[in-house]
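S.K.:
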Amino acid sequence: MFEQSGRSAAITGAGGGLGRDIALQLAAKGYVVFGTAFTPDEVQALKDASGGRVSLVICDITKPEAVKAWAGGVSDALGGAGLDLLINNAGILTPGPIEVLPLDAIHREFDVNVFGALSVINAYLPALRKARGRIVQISTWTASVPLPFNGPSGASKAAMEVFTAVYRAELKNFGVDFVVAAAGNMKTGGPAKTAAALARVADAMTFEQREIYGQTFGKFATRLNSMQSNGLDSASAAKRVIELAEQVPAPSRAPVGADADEMLRAAREKPDAELDALRLKVVGLG
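Residue numbers in the sequence shown follow this note's numbering, run continuously in steps of one, and reach 286 at the last position.
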């Protein structure tokens with residue numbers, strides 16, 4: 001059954017995985033939910049599953065004009081009420097040795113994970129200020145404990161965490177809270193995508209690159225696939241994100257999953273030498 005709360009939320013990457021489960025759970029709690037998706041099938045499927053309480057549009061968040069059009073449409077639909085909650089969930093993963101990855105691939109990761117995220121936040125700030133709303137930035141513990149062969153993901157999320165801290169200070173006088181939800185490994189549809197990305201990188205290596213990185217990257221790929229496949233289920237991860245979205249007072253940063261809790265604690269408490277050993281151990285290279 002769907003409740004009525006009178007609250008509103010916008011979610012990027014709501015067509016599948018974690019974003020989809022967040023959208024459905026918020027709708028069940030009575031939120032009117034807006035979001036972005038990749039395909040018409042995702043749009044229709046979520047509309048049907050939510051009884052029409054989730055309204056998705058196809059939007060590439062790396063295109064500022066498309067983001068402005070989406071935010072403008074949502075603001076028009078909300079009228080003078082403003083937006084209560086923005087969940088910046090959309091993101092991509094570009095694994096591989098930094099020496100091997102094309103710079104264009106790393107640039108693309110920052111386009112989505114950083115510049116796209118910034119574009120969405122800025123487009124919704126007028127509506128968020130009006131409602132004295134809250135922004136939840138989906139991040140990852142690898143922003144605090146970066147892993148080998150996972151540099152672009154950790155670096156792009158770390159960049160967003162810096163922006164988040166600055167936004168929090170700049171928006172404090174307007175009553176807009178900003179929360180970092182540092183996710184651990186999740187079974188949200190991501191494992192299959194990650195496995196495919198890992199395979200693409202390995203297949204694209206030259207003979208010389210394979211001689212240098214093939215063995216260690218193979219161990220990393222095996223460990224990462226295992227970690228994601230045994231991660232937190234999507235519904236539980238979504239429930240935790242929503243808890244953070246509604247917690248009063250708003251936490252500045254909080255983990256999503258036991259592994260994220262453990263790694264964030266390690267980042268706070270362990271010296272660099274121990275963290276260096278830990279990051280190798282985590283990916284099977286210790």
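No residue lacks a Cβ here, since even glycine has one placed at the ideal position from N, Cα and C.
Excluding the 5 residues flanking Arg223 on each side, which residues of the same chain have their C-beta closer than 6 Å to its C-beta?
M.R.: Val283, Gly284, listed in sequence order.
S.K.: State the DSSP-derived secondary structure class of Pro255, mapped to helix, strand or coil.
M.R.: Of the three classes helix, strand and coil, the one that applies to Pro255 here is strand, per DSSP.
S.K.: So, at 7 Å on beta carbons, what are the nonlocal neighbours of Phe38 in its own chain, with the 5 sequence-adjacent residues on each side left out?
M.R.: Only Gly15, Ile58 meet the Cβ criterion.
S.K.: Write down every uninterrupted run of the beta strand (DSSP E) in the segment 158-245 whose length is 3 residues or greater and which is fully enclosed by it, in chain order.
M.R.: Listed in chain order, they are 177-183.
S.K.: Between Ile61 and Ser156, how many whole angstroms is the CB-CB distance? I'm expecting something under 8 Å.
M.R.: Contact flag wrong, Cβ pair sits at about 13 Å.
S.K.: Closest to Ser153 by C-alpha separation, out of Ala181, Ala195, Pro95, Phe207, would be which residue?
M.R.: Cα-wise, what sits closest to Ser153 is Pro95.
S.K.: Does DSSP classify Gly35 as helix, strand or coil?
M.R.: It is a strand residue.
S.K.: Going by DSSP, what residue range makes up the beta strand (DSSP E) through Asn88?
M.R.: Per DSSP, Asn88 belongs to the beta strand (DSSP E) from 85-88.
S.K.: Are the segment 86-94 and the segment 190-210 touching by the rule of at least three beta carbon pairs closer than 8 Å?
M.R.: These segments touch.
S.K.: Starting from the C-beta of Lys130, find all residues in its chain whose C-beta is less than 7 Å away, skip the five residues before and the five after it, and write them out in chain order.
M.R.: Closer than 7 Å at Cβ, skipping near neighbours: Gly82.
S.K.: Mind checking which residues open and close the alpha helix (DSSP H) that includes Ala250?
M.R.: Here Ala250 belongs to no alpha helix (DSSP H), and DSSP marks it neither H nor E.
S.K.: Report yes if the CB atom of Asn89 is closer than 8 Å to the CB atom of Gly13, and no otherwise.
M.R.: A contact, by the Cβ cut-off of 8 Å.
S.K.: Under 8 Å between the Cβ atoms of Tyr213 and Pro126?
M.R.: No.
S.K.: So does the segment 202-216 actually touch the segment 256-274, counting three or more Cβ pairs closer than 8 Å?
M.R.: Not touching, per the Cβ criterion.
S.K.: Is it right to say Asp84 is buried, meaning 16 or more other beta carbons lie within 10 angstroms of its own, or is it exposed?
M.R.: The residue is buried, with at least 16 neighbouring Cβ atoms inside 10 Å.
S.K.: Secondary structure at Leu56, three-state DSSP: helix, strand or coil?
M.R.: Looking at Leu56 - three-state DSSP - the assignment turns out to be strand.
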